[in-house]
Structures are given as C-alpha cells and as structure tokens.
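Residue numbers (the working numbering): 50 to 450.
What follows is the structure in structure tokens.
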C-alpha cells in the first residue's frame with residue numbers, strides 16, 4: 050500500500066501541475082491583450098499622425114509633437130473658422146511595405162489608455178472600420194466611424210472604453226443614406242483610430258494631448274468553459290484510476306497480510322504438540338486455545354498456566370517477537386479474516402464477538418489497522434479475488450478417451 054500511495058501522490062502532483070499550466074494558458078486565451086505601438090522601422094504597425102478640417106494661415110490647427118514608441122503626443126488649437134472644426138491625433142495601421150491595412154478587433158471588447166491634457170476637457174475616441182458596402186479602400190471618410198467620448202486632465206487619467214458600445218454619428222447615416230437603426234458594428238477591419246476634439250473643446254486655446262499605454266482587452270468565456278471541462282475530466286479520470294488502483298493495491302496488501310498471518314495460525318496449531326520446554330508449551334497452548342475468550346488477559350494466562358508474567362512475555366518475545374496484547378490481537382484478527390471469507394452469511398458483529406471482541410467498533414478499528422480496510426471491504430475484496438481466480442480453478446478438465 051505504501052508504494053501505491055507514493056504513486057498516487059506523484060499522480061496528484063502531476064495533475065496539479067498540468068491543471069496549473071492549463072489554467073495559465075486558457076486564462077491567457079480567454080482574456081487576450083494587445084498593445085498598440087508605433088510602427089517599426091520596416092513600416093509595419095501603427096503610425097502616428099494628425100487630422101484636421103481647419104487650416105489657419107497655412108498651418109494646421111493640430112501638430113504632432115515629440116512622438117515615441119509608446120505614446121502619441123500632439124498640440125491642437127480650435128478657432129471658429131468653420132462651423133464644426135475638428136482636430137485630432139490618429140494612428141493608421143501599415144504593413145511592412147508601408148501600405149495601409151486593416152486589423153481584426155472582433156475578439157477585443159475594451160480599449161484602455163492613459164489620457165493627459167494640458168487643460169481639462171472632453172475628447173472623442175473614434176474607430177474607422179472598413180465596410181465593403183460603403184467604404185473605398187484607404188479613403189477613411191467612407192469608413193464607418195463609431196465613436197465615444199472620454200475626459201482627460203493635467204494629471205493624466207486612466208480610461209477604459211467599451212468597444213461594444215461605440216455609436217455611429219447621425220451625420221454618417223445622412224451622408225450614406227443609411228437607416229438610423231443600424232448601430233451594430235463588427236470591428237473586424239479596423240484601419241485607423243483617432244483621438245480628437247468635441248463640441249465642448251475650448252476655442253482659441255492651445256491644448257497639448259498625450260495618449261499612452263494603448264492596450265486592447267478581450268474576453269472569450271469559451272476558453273474558461275473548456276478549462277473547466279478539462280479539469281473536471283482530469284479529476285474524474287484520476288478518481289477512477291485511484292479507485293481501481295487502490296482496490297488492486299488493497300487486495301494485494303490483504304493477500305500479503307493473510308499469507309503473513311497464516312504461519313501464526315499454523316503455529317498455534319503446533320502448540321498442542323510435545324514441546325521441550327513444558328512451561329513454554331503450556332503458555333502457547335493456553336493462549337492458542339483461549340484467545341476467543343473476551344476476558345482473556347495476561348493475569349488469566351498466569352492463573353491458567355502457573356507461569357509468571359515475566360515468563361509469559363519472555364516466551365512471546367523470543368518465539369514470536371510480540372507482546373501478549375499484540376499476539377492476542379493477531380490471533381483474533383487472523384481468525385476473523387478467515388471467517389469473513391468462509392462464512393459470508395455471518396454478520397461482522399457476530400464474527401467480532403466470536404473471536405473475542407466485546408466491542409464491534411474496537412474490532413473494526415483494530416481490523417483496519419491490521420489489514421488496511423474495514424471488515425466489510427475485506428469481505429468484498431476477498432469475493433473479488435475469488436471471482437478472478439474462479440475461471441482458472443473451475444476450468445473443466447479433459448475427459449479421458
């Protein structure tokens with residue numbers, strides 16, 4: 050049994066390690082993230098830029114300023130030159146050859162960033178989505194422009210926007226002659242994002258804007274469901290293996306214990322034979338014939354044999370390597386195991402009383418300590434063993450010709 054428990058412990062540790070690795074992988078897959086950075090030297094990635102529909106003295110009202118790999122910085126200033134002045138900093142996606150391309154954001158549900166403005170104000174966040182029905186490639190004015198709004202201040206604010214709740218402005222419906230009821234946008238072909246002014250942006254004021262730590266966040270609970278199924282399946286398989294392996298190991302342990310105890314039973318029978326040391330033979334014979342008496346104790350053996358307590362303990366120690374109580378329990382439990390196998394109709398309590406135990410719970414406790422299982426389990430294991438051995442034992446022999 051000790052070997053089995055070592056294997057079970059190793060299997061349990063292995064299962065826990067596998068579960069931990071699966072949990073890390075599936076949680077990563079269930080909550081994907083993607084950081085939006087400036088384009089690499091080969092041109093692939095997001096390029097920072099600006100957009101404006103206002104020109105003042107030949108100078109745009111928005112200017113890219115001190116860009117770096119992880120932040121977009123631009124200065125803007127609005128003047129009432131047109132009815133709806135717009136200034137914005139943007140990011141366009143390019144491939145390795147510098148060509149404009151689109152990216153699939155359908156697995157992402159939020160975008161987070163840090164927004165810092167030299168003047169507290171509200172800005173817009175806009176996504177340009179290519180749609181084959183309305184859009185012309187690389188002409189962003191024809192792309193669907195779902196948007197939302199956020200606040201920023203001088204200290205910098207952590208902003209998280211829900212990509213599933215972006216709204217398409219009314220002017221786009223009018224220009225495309227599209228039904229206002231269409232508000233669901235699939236972000237599967239995103240070509241540009243833009244951080245720009247709103248109707249609330251102050252006029253004639255220089256404002257510096259810094260957007261950093263742009264990160265997309267997704268969630269796909271199917272991976273978590275798959276993780277739960279795999280973990281439960283693994284533990285179910287481990288449970289089945291543990292139950293079967295434990296039964297086999299327990300059966301082998303019981304069989305080994307029975308074979309170990311059989312010589313003691315045989316030895317008890319031999320004590321009735323002539324013995325050179327009459328006093329020693331008397332002690333062994335008395336215990337062997339009286340072990341089923343619930344009142345049998347060391348004093349009873351002293352009275353029944355005339356030997357001293359020291360002599361009795363010396364005999365048991367030298368002959369069997371046991372104490373009186375240990376030998377007495379060994380005889381009783383070995384006889385109980387035999388009866389459990391041979392007398393399948395006898396109740397456990399009957400057997401316990403028959404072999405000398407007045408308390409059934411105490412008998413159950415000692416039996417489990419001796420054989421590693423309860424008397425009922427022992428009986429079931431013995432029955433299983435008989436069933437396994439029966440085909441070989443009951444095989445019909447060939448009849449003589």
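Quick reminder that beta carbons are idealized off the backbone N, C-alpha and C, glycines included.
Item to complete: Keeping to the same chain, check which residues put their C-beta closer than 7 Å to that of residue 268; ignore five residues upstream and five downstream.
Response: Position 219 of the chain shown, counted from the start, is the residue given in the question as residue 268. Excluding sequence neighbours, residue 268 sits near 79, 80, 158.
Fill in: Enclosing beta strand (DSSP E) for residue 123 [first to last residue]
Here residue 123 refers to the residue found at position 74 when the chain shown is read from its first residue. Taken as a continuous stretch (DSSP letters only), the beta strand (DSSP E) holding residue 123 covers 120–125.
Item to complete: Determine the closest residue to residue 278 out of 58, 52, 72, 51, with distance taken between C-alpha atoms.
Response: The residue you call residue 278 lines up with position 229 of the chain shown. Comparing C-alpha distances from residue 278 to each of 58, 52, 72, 51 shows the shortest one belongs to 72.
Discussion item. Determine whether the beta carbon atoms of residue 377 and residue 345 lie at a separation below 8 Å.
Written reply: Locating residue 377 in the chain shown gives position 328, where the first residue counts as 1. Locating residue 345 in the chain shown gives position 296, where the first residue counts as 1. Cβ atoms of residue 377 and residue 345: closer than 8 Å.
Discussion item. Excluding the 5 residues flanking residue 349 on each side, which residues of the same chain have their C-beta closer than 8 Å to its C-beta?
Written reply: Here residue 349 refers to the residue found at position 300 of the chain shown. Take residue 349, set aside five residues on each side of it, and the residues of its chain with a beta-carbon closer than 8 Å to its own are 339, 342, in chain order.
Discussion item. Less than 8 Å between the C-beta atoms of residue 381 and residue 406, yes or no?
Written reply: As a working mapping, residue 381 is identified with position 332 in the chain shown. As a working mapping, residue 406 is identified with position 357 in the chain shown. Yes, these two residues count as a Cβ contact at 8 Å.
Worksheet item: In or out: residue 54 buried (at least 16 other Cβ within 10 Å) or exposed?
Response: Here residue 54 corresponds to residue number 5 of the chain shown, with the count starting at 1. With fewer than 16 neighbouring CB atoms inside 10 Å of its own CB, residue 54 falls in the exposed class.
Discussion item. Assuming residue 260 is part of the beta strand (DSSP E), what are its boundary residues?
Written reply: Position 211 of the chain shown, counting from 1, holds the residue named residue 260. Note, residue 260: beta strand (DSSP E), 256–267.
Fill in: Contacting residues, own chain, Cβ-Cβ under 8 Å from residue 144 (five flanking each side not counted)
Taking the chain shown and counting its residues from 1, one reaches residue 144 at position 95. Taken in chain order, the residues that qualify are 92, 93, 150.
Practice prompt. Note down, in chain order, each residue of its chain lying with its Cβ closer than 7 Å to the Cβ of residue 358, except the 5 sequence neighbours on either side.
Written response: Position 309 of the chain shown, counted from the start, is the residue given in the question as residue 358. Same-chain partners within the cutoff: 347, 351.
Worksheet item: Where does residue 318 sit, in a helix, a strand or coil, going by DSSP?
Response: Residue numbering aside, residue 318 sits at position 269 when the chain shown is read from its first letter. Residue confidence is low: residue 318 scores 46 on pLDDT, short of 50, so the model does not pin down where it sits. No coordinate-derived value is stated.
Worksheet item: alpha helix (DSSP H) containing residue 332: first to last residue?
Response: The residue given as residue 332 occupies position 283 in the chain shown. Element bounds for residue 332: 327–339.
Worksheet entry | Local conformation of residue 202 per DSSP, three classes | On the chain shown, position 153 is the one that residue 202 refers to. It is a strand residue.
Worksheet item: Do the segment 58–74 and the segment 245–261 meet, that is, are 3 or more Cβ pairs less than 8 Å apart?
Response: Verdict: no, contact absent.
Practice prompt. Report the partner residues of residue 193 according to the DSSP bridge assignment.
Written response: If you number the chain shown from 1, residue 193 lands on position 144. For residue 193, which the question treats as bridged, DSSP gives the partners 178.
Discussion item. Excluding the 5 residues flanking residue 418 on each side, which residues of the same chain have their C-beta closer than 8 Å to its C-beta?
Written reply: Within the chain shown, residue 418 is the residue found at index 369, counting from 1. So no residue of the chain qualifies.
Practice prompt. Give the secondary structure of residue 173 by DSSP, where H, G and I count as helix, E and B as strand, and everything else as coil.
Written response: Reading the chain shown from its first residue, position 124 is the one you call residue 173. Of the three classes helix, strand and coil, the one that applies to residue 173 here is strand, per DSSP.
Discussion item. I need the straight-line Cα distance from residue 141 to residue 290, nearest angstrom please.
Written reply: The count along the chain shown starts at 1 and reaches residue 141 at position 92. The count along the chain shown starts at 1 and reaches residue 290 at position 241. In a straight line, the C-alpha of residue 141 is about 56 Å away from that of residue 290.
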